[in-house]
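Residue numbering for the sequence shown follows this note's numbering, starting at 30 and increasing by one per position.
Beta carbons are placed, not taken as given, at the ideal position from N, Cα and C, and that holds for glycine.
Just so you know, these numbers come straight off a predicted model, no measurement behind them.
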Amino acid sequence: MKYIKEVISNYSLTEKDIQNLIFMGKFMLEYADQFVDEFYDYMILKIQLPDSMTPDVIQKHQDMLKIWYKRFYEGKIDNKYLEYLVNIGNTHIKFHITQDMFNIMSNWVRQWFHEKIFQNVSDDIKRKELLFSMHKLMDINKDIISDAYYTTEIKKYSVFLSLRDFIISVSERIEFVTQIIILSFLIFLTISAAVYFLFDMVVLMKMKPDFFIIKALSSLLMIWVLSELLYTEINIIKGAKFKISTFVGVALIAFVRDLLIMTLEHTGSIEKLLLIILSITVLGLVYWLVTITETKDKPRR
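Rendered as structure tokens:
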């Protein structure tokens, strides 16, 4: 199964696309019943449904189709949604709906969505933007569901593929649990640092103003570092790319904090002071270069 990071990269899916889907849902969800009725009117006319599609199965499929329609415009595109699409593909295979039949269905759905968007959005620029986002998600849906067809067919002849999928699935779950543990630990550290900072302020208030300001700034820098790591970890779990610049920035802030403390307390040798300044200069240059690279790697819309 493909995973959300790969899908986001392959289709250049952006936060704006998600917002566009949610926006379309405001008027598209009104057509849910009409969509299911017209879908089956067309399918019965165009396709010879297999014998496995009994009236009970058709009713179940209609209910599933309505659920898929609503989820399409929810804008919740994650690994859980991709797994849901794989299950749709497996269900189609179970009831002998062929790849050709699915392609016909997918083509009709795309045209139907296209027509409804034209009917409800008069602004040409906005309509074009919405259509781009809709087509992206339709392509993703078709890709994932079709992949389920191919994988199921290959599994009939390859034990190694089944084993590979099992290993990948287990590894993905372990990675997710690890990310949750890291996230929980960062939340604990961030809250603890904030509480410690508040108590520390009581003691610092009795000290000289210059000492108080620099010491407080030093503690705030550590809280900022933790909050930045927490923000990065949340985005990684949501499917964002791993950003090296965040960790370079954390190292940079750590050296800046040491420099502040050394300057305030007048401790440490000249050699150590120069080493810290050199480290800050090098890390600052690395941070700048990495940030430029990451900015260039952002998908263009």
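At a cut of 8 Å, does the region 41-57 reach the region 161-169 through at least three beta carbon pairs?
-> yes
Cβ-based neighbour list, S135, same chain, cut-off 6 Å, excluding 5 preceding and 5 following | K171
On the three-state DSSP scale, how would you describe Q77?
-> coil
Check whether the region 116-132 touches the region 51-65, counting contact only when three or more Cβ pairs, one atom from each stretch, lie closer than 8 Å.
-> no
Can you give the Cα-Cα distance for I273 and V232, rounded to whole angstroms?
-> 37 Å
DSSP state of V86, grouped into three classes?
-> helix
CB-CB length for L166 against F101, believed under 8 Å = 7 Å
Distance, Cα to Cα, K105 vs I305?
-> 45 Å
Apart from the five residues on each side of it in sequence, which residues of its chain come closer than 8 Å, Cβ to Cβ, to V86?
-> F124
Are there 16 or more other CB atoms within 10 angstroms of the CB of E262, so buried, or fewer, so exposed?
-> buried
How should I197 be labelled, buried or exposed, when 16 other C-beta atoms within 10 angstroms of its C-beta is the threshold for buried?
-> exposed
Check P328 in the structure and name its three-state DSSP category.
-> In this prediction, P328 scores a pLDDT of 45, lower than 50, which makes its location untrustworthy; no coordinate-derived value is stated.
Which stretch, first to last residue, makes up the alpha helix (DSSP H) that contains G104?
-> Element bounds for G104: n/a, residue is neither H nor E.
How many angstroms separate the CA atom of H90 from the CA atom of E103?
-> 20 Å
What is the DSSP secondary structure of M234, counted as helix, strand or coil?
-> coil
Is it true that the CB of L255 sits closer than 8 Å to the CB of L212?
-> no
If you run the structure through DSSP and keep just helix, strand and coil, what is S41?
-> coil
Enclosing alpha helix (DSSP H) for K145 [first to last residue] | 128-149
Indicate the three-state DSSP secondary structure (helix, strand or coil) for D152 in the structure shown.
-> coil
Return the residue from the list M234, I265, L227 that minimises the CA-CA distance to I252.
-> L227
Under 8 Å between C-beta atoms of S308 and F284 | yes
In angstroms, rounded to a whole number, what distance separates the CA positions of V311 and I203?
-> 36 Å
Return the Cβ separation of I174 and F217 in integer angstroms, given the expectation that the two are a contact with Cβ distance under 8 Å.
-> Rounded, the Cβ-Cβ distance is 41 Å, inconsistent with contact.
What residue from H121, V138, D168 has the CA that sits closest to N39's CA?
-> D168
Cβ of Y98 within 8 Å of Cβ of F64?
-> yes
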